[in-house]
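Q: Dumping the structure here so I can ask a few things about it.
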DNA sequence: CTGAAAGCGCTTACAG
DNA sequence: CTGAAAGCGCTTACAG
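Residue numbers (the working numbering), protein chains in the order written: chain A, -8 to 348; chain B, -8 to 348.
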């Protein structure tokens, strides 16, 4: 896309006095100025190899001289593509999505695509509205977080031939492609480690599981581990609460007021874990001496607090990048859309006590 | 925009078996189905009050029945508007931009606009490329961070009649509208407080000032306060470094190795301040007993570390929201584009010691 | 209040 | 390798 390289410099400025009235040059102007047809100009811009060098040079000179930039709408309409990818995430305010989205955008840009963004605030209704909105804006493909939503959404997208990719989850058997990790297995592994450390009284502060398959899978993973070890998965105290620091603090204090204090509180993500840590401080409990805490995600916060939080590291940036690449491959029909699994890894830190020592 | 309300439900599904081949219905299909002209259908969708209820109802029924959604490219081309606003920020990974952008997007959505996002990584060249890219994608207006950039950029935008708004700065005399706060006066006020507390030996860890007018203004604000108090603004040790926690830590240790240890290290933002705090811990210095630290922004991090960081609170969410509203007002020619000033406020916390007590 | 028709600025078979 | 021309699906004066 040569036209993408047009400098701001001299040309843009030259154009100015010639057309102070916003008469942006069109393909036609370029064609006339170069003495060729509009078809040839179009080819120079889109498939230069199909034009002989001699004329191509003349055309490109005219393009620069006039400071020509293709009209977006016309191009979209004729080509039926916008080179735009939409992403709908719960919120940009959580570092994991900000980070993933940043990497997603960078990868998109590297391939000549632009990012259209919307947020759902974890509300299915808002998400559906945003999906329609991005589709109406001509998104060539869509990135969504998680996969648990009304089937009508997927039908809507399929009817319009708009590729979707679900990130943050890995569902090999899904008919839609996914790029992510196994939330359930990850939490199960962490819980196993917690149990290995001698903990038997486990509580959980979970994100809201309704409409959030990642949160639900994490909770299920904890239950898996309990069952694996002959513990009663139904006996775990669980508090579900939106992912906010303050909520983690409140939930933690509530859990500690019960008759049997847990020896460890596992949290649905690091934000809740940091809140739990604060809650512990507020009621004078020492972590990990009095109670252990674990998180999920491994955001910066997890290593900044004292003690640092034992958590699951999730490769957010890589997930964003690979989601972008996979989605573009599908949009450009270069690939059928197989799911990609990324690995999480346990980060043992000060907030989890090994009761065996 | 009624068409925006089309449900996913029955209609989308009904359409399916009729056209398993992706033959998306067009305006023409609707017109034929309702027995009116395309002009009338278009009016029903865009200015319903100009169509008599009787026919409007018939048309809307056809719209729903066919599951019609306007073609984006055609609409853009004919209307010469995309209802899309572009934003280019340094990075989504800094919480302040993530938060501001989130609010910006929400406000955009409330007004029927969609957000196109790109990031510059604080690189002017990348930013210029992104500006061209978003313009090429038909952005109706642009949000940029700060105002210090090549004048050719503004000429380019003006030649294309694309409104720009600079956020994070407040420049009343600028010919472009700005929505933000006075970085220089804010830092000056905080530095004055620091001096009032008895500090005389002040050092600063600044962001890179080249090409970043916010960072430069903050440093200038510190110098202002020093001059105000008869101190030598040229004598302040200053280290400029990119906004990363680790850099703050390194810079802090470097500053502490000098002959005359500062009694306070003021940081260009909270990220650097948190890094400085970590640096202090690493070399066994106690904050604020051995040395004080201040930040800028008041992100969550500032209240999570121990001690909490004295900083300047900046209303990021409000800034994002008001920037969106101001920009749309300009795009829709409802307002001339006056700048809006927001206020920052000093948050005194544990990391700053009052030497007088 | 409604319709016929031009026009928006490209892309892309189809010829040559 | 290049051009004439149709067509993409809307919006919007202009008539009536």
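Using N, Cα and C, we set each Cβ at its ideal position, and we do this for glycine too.
Along the segment 44 to 65 of chain B, what residues have a CB closer than 9 Å to any CB found in chain A?
A: Answer in chain order: 58, 60, 61, 62, 63, 64 and 65.
Q: Evaluate residue 118/B with the Cβ neighbour count: other Cβ atoms within 10 Å of its Cβ, from every protein chain shown; 16 or more gives buried, anything less gives exposed.
A: Answer is buried; the Cβ neighbour count reaches 16.
Q: Is the Cβ of residue 275/A closer than 7 Å to any Cβ of chain B?
A: Not one chain B Cβ lies under 7 Å of residue 275/A.
Q: Below 8 Å, how does it come out for the segment 212 to 224 of chain B and the segment 142 to 161 of chain B: are there three or more Cβ pairs, yes or no?
A: No, the segment 212 to 224 of chain B does not touch the segment 142 to 161 of chain B.
Q: Span of the alpha helix (DSSP H) holding residue 307/B?
A: Taken as a continuous stretch (DSSP letters only), the alpha helix (DSSP H) holding residue 307/B covers 307 to 322.
Q: Using CA atoms only, rank isn't needed, just tell me which of 94/B, 110/B, 111/B and 147/B is closest to residue 126/B.
A: Checking every option, the nearest Cα to that of residue 126/B belongs to 147/B.
Q: Could you work out which residue in 279/B, 238/B and 128/B is closest to residue 260/B when comparing CA atoms only?
A: Ranking 279/B, 238/B and 128/B by Cα distance to residue 260/B puts 238/B first.
Q: Buried or exposed, going by whether 16 or more other CB atoms sit within 10 Å of the CB of residue 326/B?
A: Exposed, because fewer than 16 other Cβ atoms sit within 10 Å of the Cβ of residue 326/B.
Q: Here's the rule I'm using: 16 or more other beta-carbon atoms within 10 Å means buried, otherwise exposed. How should residue 72/B be labelled?
A: Residue 72/B should be labelled exposed.
Q: For residue 35/B, which beta-bridge partners are listed by DSSP?
A: None; residue 35/B has no bridge partner.
Q: From the DSSP output, read off the bridge partner residues of residue 304/A.
A: For residue 304/A, which the question treats as bridged, DSSP gives the partners 288/A and 336/A.
Q: Flag residue 341/A as yes if its beta-carbon sits less than 7 Å from any beta-carbon of chain B, otherwise no.
A: No, because no Cβ of chain B sits closer than 7 Å to the Cβ of residue 341/A.
Q: So the candidates are 133/B, 202/B and 176/B; which of them puts its Cα closest to the Cα of residue 169/B?
A: Nearest C-alpha to residue 169/B: 133/B.
Q: Would you mind reading off the limits of the alpha helix (DSSP H) that contains residue 54/B?
A: Element bounds for residue 54/B: 44 to 57.
Q: Between residue 3/A and the rest of its own chain, which residues show a CB-CB distance below 7 Å, the 5 nearest in sequence each way excluded?
A: Confidence at residue 3/A is low in this model, with a pLDDT of 32, below 50, so the placement of that residue should be treated as unreliable; the coordinate-derived value is given next. 58, listed in sequence order.
Q: How would you list, in chain order, the residues of chain A whose beta-carbon sits under 7 Å from the beta-carbon of residue 133/B?
A: Here the premise fails: no neighbours, minimum Cβ distance about 13 Å.
Q: Throw me the rounded Cβ distance for the residue 76/A and residue 130/A pair, which I believe falls under 8 Å.
A: Indeed, because the Cβ distance is near 6 Å, the residues count as touching under 8 Å.
Q: Show which residues of chain A have a CB atom less than 8 Å away from the CB atom of residue 100/B.
A: Residues of chain A passing the Cβ test: 109, 121 and 124.
Q: Would you check if there are 3 or more beta carbon pairs closer than 8 Å linking the segment 47 to 63 of chain A to the segment 15 to 24 of chain A?
A: With a cut-off of 8 Å, the segment 15 to 24 of chain A and the segment 47 to 63 of chain A count as touching, because enough Cβ pairs lie within range.
Q: Residue 83/A by DSSP, collapsed to three states: which one?
A: Three-state DSSP puts residue 83/A in coil, outside helix and strand.
Q: Would you mind telling me which residues of chain B sit closer than 8 Å to residue 106/A, beta carbon to beta carbon, in chain order?
A: Simply 107, 108 and 109.
Q: For residue 45/B, does the count of other Cβ atoms within 10 angstroms reach 16, so buried, or fall short, so exposed?
A: Residue 45/B comes out exposed.
Q: Quick one: give me the first and last residue of the alpha helix (DSSP H) that residue 256/A is part of.
A: It is not in any alpha helix (DSSP H) - residue 256/A instead sits in the beta strand (DSSP E) that spans 255 to 258.
Q: Taking 7 Å as the threshold (C-beta atoms), are residue 52/B and residue 312/B in contact?
A: No.
Q: Distance, Cα to Cα, residue 137/A vs residue 217/B?
A: Near 53 Å, if we compare the C-alpha coordinates of residue 217/B and residue 137/A.
Q: Measuring straight from C-alpha to C-alpha, what distance separates residue 114/B and residue 285/A?
A: Rounded to the nearest angstrom, the two C-alpha atoms are 38 Å apart.
Q: For a contact defined as C-beta to C-beta under 7 Å, what are the partners of residue 83/A on chain B?
A: Per Cβ cutoff of 7 Å: 83, 89, 92 and 93.
Q: Determine, using beta carbons only, whether residue 297/B comes closer than 7 Å to chain A.
A: Closer than 7 Å: yes.
Q: Pick from 64/B, 103/B and 48/B: whose alpha carbon is nearest that of residue 25/B?
A: Ranking the options by Cα distance to residue 25/B, first place goes to 48/B.
Q: Whose Cβ in chain B lies nearer than 7 Å to the Cβ of residue 235/A?
A: Those within 7 Å of residue 235/A in chain B number zero; the least Cβ separation is about 10 Å.
Q: Can you list, in chain order, the residues of its chain whose CB lies under 7 Å from that of residue 306/A, leaving out five sequence neighbours each side?
A: Hits under 7 Å: 333.
Q: Measuring straight from C-alpha to C-alpha, what distance separates residue 13/A and residue 111/A?
A: Below a pLDDT of 50, predicted positions are generally treated as unreliable, and residue 13/A, at 47, falls in that range; the measurement from the model is reported next regardless. Near 38 Å, if we compare the C-alpha coordinates of residue 111/A and residue 13/A.
Q: Looking at chain A, which residues of the segment 292 to 326 of chain B have a Cβ within less than 7 Å of any of its Cβ atoms?
A: Listed in sequence order: 292, 295, 296 and 297.
Q: Ordered along the chain, which non-local residues of its own chain (more than five positions away) have a Cβ less than 8 Å from that of residue 310/B?
A: Excluding residues within five positions, the ones whose Cβ falls inside 8 Å are 91, 94, 158, 159, 170, 171, 172 and 333.
Q: Under 9 Å between beta-carbons, which chain A residues line up against residue 15/B? List them in chain order, please.
A: What residue 15/B touches in chain A: 150, 151 and 152.
Q: I'd like to know if residue 137/A contacts chain B, where contact means its C-beta is closer than 7 Å to some C-beta of that chain.
A: Closer than 7 Å: no.
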